[in-house]
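Numbering (this note's numbering), first residue to last: 9 to 175.
And the structure:
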């Protein structure tokens, strides 16, 4: 079954049907990141070819953006701890920190899928303010963007990983 993508494996247990695509994408993000970063060394995690974002940034940013957008989906404001984590996403990573970054990614995306199970589909179109400017969105808008934004960074990570692997 692992040779198929998550969307081809059927519904995720107890996730409302409207949120199945979000769950599938988040689970695919984890699998894709694991596969892409497995062979990389510390210098490759930190490399910034053509001044693009590093692998370390992408892994941390995926974790952080899902955390932040799910916070907004709940109608909550970011905490100072979340802002601190966000500011540190671009920092260099050490070999010792790599397993922790991967563990944080797994834990946050697993928690996000669990959270999807508790969302009442009747609330999906409720207004949510995003960021300090309280830009207008909805519960489903925040959730879909979390998944979409995470997968966008998987694409960027994929290109960077391929480039640094041949340098």
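Note that CB positions come from ideal geometry on N, CA and C, so glycine has one too. Everything numeric in this text was worked out from a predicted model, so none of it was measured.
- Exposed is the label assigned to residue 21, since fewer than 16 other Cβ atoms lie within 10 Å of its Cβ.
- As the crow flies, the alpha-carbon of residue 84 is around 40 Å from that of residue 173.
- Under the three-state reduction of DSSP output, residue 40 falls in the helix class.
- One thing to note: residue 100 has its Cβ no nearer than 8 Å to the Cβ of residue 155.
- Here the alpha carbon of residue 18 sits roughly 20 Å from the alpha carbon of residue 151.
- A Cβ-Cβ distance of about 6 Å is found for the pair residue 44 and residue 166, placing them in contact under the 8 Å criterion.
- For residue 40, the number of other beta carbons within 10 angstroms of its own is at least 16, and it is reported as buried.
- In the three-state reduction of the DSSP assignment, residue 62 falls in the coil class, being assigned neither a helical nor a strand state.
- At least 8 Å separates the beta-carbon of residue 117 from that of residue 23.
- By the criterion of a C-beta distance shorter than 6 Å, residue 138 is surrounded in its chain by 80, 145, once the five residues flanking it on both sides are discounted.
- Residue 35 counts as buried, since no fewer than 16 other beta carbons sit within 10 angstroms of its beta carbon.
- In this structure, DSSP gives residue 49 a state outside helix and strand, which the three-state scheme calls coil.
- With a beta-carbon spacing of about 15 Å, residue 108 and residue 38 fall beyond the 8 Å limit used to define contacts.
- For residue 162, the enclosing alpha helix (DSSP H) starts and ends at 147-174.
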